[in-house]
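Numbering (my numbering), first residue to last: 26 to 161. Here a beta-carbon is modelled for each residue, glycine too, at the ideal position from N, C-alpha and C. Remember, predicted model here, so these are calculated numbers, not experimental data.
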């Protein structure tokens with residue numbers, strides 16, 4: 026396996042942290058009873074929320090092992106995240122426009138890093154050589 030480029034290592038770490046923070050917030054809201062409603066309604070919604078919260082972590086593992094599908098998935102995830110943040114800019118009661126712009130720029134930097142030639146070369150498929158004969 027080739028050496029992992031530094032941008033891939035940083036992006037994988039960011040995705041793991043992102044996933045841990047979102048999952049932690051969900052667990053905290055469940056533990057402190059901040060989510061109200063009947064359990065029949067909560068189970069379906071929380072299952073979807075946890076699947077979305079774990080997705081960046083799974084993409085981070087895929088990036089760590091240099092899986093090209095994870096690279097493409099991370100590009101799509103970053104693009105969708107940037108679009109949702111851009112839509113959030115039109116919200117009237119927004120806590121911090123600066124932080125939202127920072128996250129949009131961070132998503133753009135992730136996309137640019139993952140489509141760079143150096144990173145794409147690290148994700149290139151390499152055939153493995155197998156032989157049923159004994160090596161001499």
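Backbone CA spacing between residue i and residue j [nearest angstrom]
| i | j | result |
| --- | --- | --- |
| residue 200 | residue 80 | Within the shown structure, residues of the chain are numbered from 26 to 161, placing residue 200 beyond reach of any answer. |
| residue 125 | residue 135 | 15 Å |
| residue 42 | residue 158 | 46 Å |
| residue 78 | residue 152 | 34 Å |
| residue 70 | residue 50 | 15 Å |
| residue 12 | residue 56 | Because the chain is modelled from 26 through 161, residue 12 falls outside the range shown and cannot be assessed. |
is_contact[residue i, chain D] using C-beta, thresh 9 Å
| i | result |
| --- | --- |
| residue 80 | You won't find chain D in this structure, because it holds only one protein chain. |
Status (buried if at least 16 other CB within 10 Å, exposed otherwise) for residue i
| i | result |
| --- | --- |
| residue 139 | buried |
| residue 95 | buried |
| residue 87 | buried |
| residue 68 | exposed |
| residue 30 | buried |
| residue 85 | buried |
| residue 155 | exposed |
Proximity of residue i and residue j at Cβ, strictly below 9 Å
| i | j | result |
| --- | --- | --- |
| residue 147 | residue 33 | yes |
| residue 122 | residue 114 | yes |
- prompt: Residue ranges of each alpha helix (DSSP H) run of no fewer than 4 residues wholly in the segment 125-157, ordered along the chain?
  reply: 142-147
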